[in-house]
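Residue numbers (the working numbering): 20 to 101.
Note that CB positions come from ideal geometry on N, CA and C, so glycine has one too.
On a predicted model such as this, the values are computed, not experimentally measured, just so you know.
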Ligand code: SF4
Ligand code: SF4
């Protein structure tokens, strides 16, 4: 999963760019749901939130390091939910 840091300016451009609906407005800044962020694996070559964010405040989440295989498995689980 990726994680939004405190430099977020709440501009809202990342939320609609996420293919997994993983981003929402939190209490202070926008937040990424680690259960839904596949780092865009299976959808795009690059994480779309990182591509659109104007202040580069999105980094890998140190609490949720994942392999490519784990991200693909998460994608498969999300697609079953739909
Ligand atoms: Fe959504 Fe992709 Fe950003 Fe994860 S990396 S929050 S899946 S846009
Ligand atoms: Fe925050 Fe960047 Fe998302 Fe804008 S695009 S809400 S600055 S994380």
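Run the CB neighbour count on residue 29, radius 10 Å, all protein chains shown included, and call it buried at 16 or more, exposed below. As a first step, residue 29 must be located in the chain shown, where it is residue number 10. The residue in question, residue 29, is exposed, as its Cβ has fewer than 16 Cβ neighbours within 10 Å.
Go to residue 89, then tell me how far its beta strand (DSSP E) extends in each direction, as first and last residue. Counted from its first residue, the chain shown places residue 89 at position 70. First-last for residue 89: 87–100, but that is the alpha helix (DSSP H), not the beta strand (DSSP E).
At least three beta-carbon pairs within less than 8 Å, the segment 58–70 to the segment 36–50: Three or more beta-carbon pairs separated by less than 8 Å link the segment 58–70 to the segment 36–50, which places the two stretches in contact.
Give the straight-line distance between the Cα atoms of residue 87 and residue 47, rounded to the nearest whole angstrom. As a first step, residue 87 is located in the chain shown; it is residue number 68 there, counting from the start. As a first step, residue 47 is located in the chain shown; it is residue number 28 there, counting from the start. About 30 Å.
What residue range is occupied by the uninterrupted beta strand (DSSP E) comprising residue 50? By 1-based counting over the chain shown, the position of residue 50 is 31. Note, residue 50: beta strand (DSSP E), 49–51.
Can you name the start and end residues of the alpha helix (DSSP H) that residue 58 belongs to? Taking the first residue of the chain shown as position 1, residue 58 is located at position 39. The continuous stretches of alpha helix (DSSP H) do not include residue 58, and DSSP gives it neither H nor E.
DSSP state of residue 38 mapped onto helix, strand, coil: Counting from 1 along the chain shown, the entry for residue 38 is found at position 19. Residue state, collapsed to three classes: coil.
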